[in-house]
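See structure below.
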Amino acid sequence: MSSQNEIQLGSFAFSQQAVPSLALGRPSRVGKAGFSISSSSLSSSSGSVGFTTKGSKLASRTLASRGSILASQRRAMPFASLTLASVTASKPAPSKDATAAPKKKKSLAEVLEYAGKRALSGGIPGMVAMGLQVLTLMWLRTTINYQYRYGTSTMQALKTLYAEGGIPRFYQGLAPALIQGPLSRFGDTAANTGALAFLEEVDMAPAAKTVLASLAAGAFRIFLMPVDALKTIMQVEGKNGVPALMAKMQKGGPGVLYHGALAASAATFVGHYPWFAVYNTLNEWLPKYGTDELAKRLLRSAFIGWCSSFVSDCCSNSIRVIKTAKQTSTVSVTYTEVVKGILAKEGLGGLFTRGLGTKLITNGIQGILFSVLWRMGQDYMAKKEKDAKTAKDAQDAADAEAAKKKK
Numbered sequence: 007m008s009s010q011n012e013i014q015l016g017s018f019a020f021s022q023q024a025v026p027s028l029a030l031g032r033p034s035r036v037g038k039a040g041f042s043i044s045s046s047s048l049s050s051s052s053g054s055v056g057f058t059t060k061g062s063k064l065a066s067r068t069l070a071s072r073g074s075i076l077a078s079q080r081r082a083m084p085f086a087s088l089t090l091a092s093v094t095a096s097k098p099a100p101s102k103d104a105t106a107a108p109k110k111k112k113s114l115a116e117v118l119e120y121a122g123k124r125a126l127s128g129g130i131p132g133m134v135a136m137g138l139q140v141l142t143l144m145w146l147r148t149t150i151n152y153q154y155r156y157g158t159s160t161m162q163a164l165k166t167l168y169a170e171g172g173i174p175r176f177y178q179g180l181a182p183a184l185i186q187g188p189l190s191r192f193g194d195t196a197a198n199t200g201a202l203a204f205l206e207e208v209d210m211a212p213a214a215k216t217v218l219a220s221l222a223a224g225a226f227r228i229f230l231m232p233v234d235a236l237k238t239i240m241q242v243e244g245k246n247g248v249p250a251l252m253a254k255m256q257k258g259g260p261g262v263l264y265h266g267a268l269a270a271s272a273a274t275f276v277g278h279y280p281w282f283a284v285y286n287t288l289n290e291w292l293p294k295y296g297t298d299e300l301a302k303r304l305l306r307s308a309f310i311g312w313c314s315s316f317v318s319d320c321c322s323n324s325i326r327v328i329k330t331a332k333q334t335s336t337v338s339v340t341y342t343e344v345v346k347g348i349l350a351k352e353g354l355g356g357l358f359t360r361g362l363g364t365k366l367i368t369n370g371i372q373g374i375l376f377s378v379l380w381r382m383g384q385d386y387m388a389k390k391e392k393d394a395k396t397a398k399d400a401q402d403a404a405d406a407e408a409a410k411k412k413k
């Protein structure tokens, strides 16, 4: 046995010393007699124990716990030198993914506020786009409603309307149309954009999310029924439309303004759902183009709009025929009486295809114009909102810097 905390047993010499900080790392050569461990990352306040076999050649092995010291001593017999380190290993640094904060779930108030802003940004461009369509396609819409009411062919309807008053006849009901059209489209687009924003964090297919938007759009159409009633009867009856509506109101009261409301709401849902389901699905599937590829971007929107309108019109045409016939009747009639009258006159073909050809052409053009103008309007609103946010952030940074300098 020797001094200075060294114990000699036979051919082995053991020593112990305090090590304030020790970490696992690379072994480094310290001479002919042994190896030492260089500290690099893991800290410990424990000590270290070393032993040497005299007269043997050099070897090194690093251990991680006190419990393995005895076993290591036995394994070290053939080697020249071995340093046994007792360390308390710290926990490994957590990965970046593990430390990433989970995405904060928005409260209902925040979701509603966000959905409201998105609805407004989507609804205003839709309203503007529809206003432009009313001015350019009013004559075709008048033709369609005339066909819905009387079941004539497209050419016959055009000839009859022109004979009743020339080109101005096609624009009967323009004033209420400029109110009803943009407002109804505002409700449609706001409902769609708002519903998608409301369900943004919900794992659901776009078509499923559109159901909520379609229900909201259908309810909004009931609110607009008085304006729609005035517009439609003026389109169908021309200059006799307003007197006919007033006479009908004298007999049935203000409630006649809501004749066809149920069918209008159903037609809106049946037409709105497939339109936006197709629009949202194609908008998600088809490749997107940046603002630097304007031609491709607009062609993409036009194609999506045409497909959306085609599917929507085929689904909702029969309901719109029933709605228009009930709404423009000079006397109060039930839905059953309307359907029986159409079937007696033209059969199922009249119910499902009356005015459909004209509507497919009209709404195809309208869908292309609307989707292009709506997309351009949404891009403009998004850019405007982004620029305003950038300016606000810059102003906040400048104010913070000024406040820091004052301190």
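For the sequence shown, this note's numbering assigns the number 7 to the initial residue and increments by one for each residue that follows.
Backbone N, C-alpha and C fix where the C-beta goes; we use that ideal spot for every residue, glycine too.
query, result
"Of the residues V217, F192, F309 and Y285, the one placed nearest I374, counting alpha carbons only", "F309"
"Given 8 Å, three or more beta-carbon pairs between the region 227-243 and the region 264-272", "yes"
"S324 - DSSP class collapsed to helix/strand/coil", "helix"
"Through-space distance from Y177 to W145, alpha-carbon basis", "6 Å"
"Of the residues A394, T340 and S315, the one placed nearest A267, counting alpha carbons only", "T340"
"Helix, strand or coil at A394 [DSSP, three-state]", "helix"
"Simplified DSSP assignment, three categories, for L230", "coil"
"Cα-Cα separation, Y154 to G171", "20 Å"
"Alpha carbon of R303 to alpha carbon of A400, nearest angstrom", "31 Å"
"Rounded C-alpha distance that separates A235 from A253", "14 Å"
"Host alpha helix (DSSP H) of K257 (start-end)", "G247 to G258"
"Of the listed residues V276, G244, A403 and E206, nearest to C321 (C-alpha basis)", "V276"
"Buried versus exposed call for P249 [16 or more other C-beta atoms within 10 Å across all chains shown]", "exposed"
"Boundaries of the alpha helix (DSSP H) in which R191 is found, first to last residue", "L180 to F204"
"Selection from A397, R147 and K395 that minimises the alpha carbon distance to V242", "R147"
"I348 vs L357 beta-carbon contact at 7 Å", "yes"
"Cβ pair I150, G361 closer than 7 Å", "yes"
"Alpha carbon of G296 to alpha carbon of A388, nearest angstrom", "14 Å"
"Which of helix, strand or coil DSSP assigns to G172", "coil"
"Length of the line joining the Cα atoms of A331 and E343", "10 Å"
"Whole-angstrom distance between P188 and V134, CA atom to CA atom", "7 Å"
"Residue interval of the alpha helix (DSSP H) (run including A350)", "Y341 to T359"
"Nearest-angstrom Cα separation, counted from V284 out to H265", "30 Å"
"Helix, strand or coil at K294 [DSSP, three-state]", "coil"
"Neighbour-count burial assignment, A233, 16 or more Cβ in a 10 Å radius", "Per the sequence shown, residue 233 should be read as Val rather than Ala. Buried is the call here."
"Three-way DSSP call (helix, strand, coil) for T149 in this model", "helix"
"E391 versus F316: straight-line alpha-carbon distance, rounded", "33 Å"
"Within 7 Å, strictly: CB atoms of P182 and N286", "no"
"Same chain, Cβ closer than 8 Å to E290, five either side skipped, listed in chain order", "P212"
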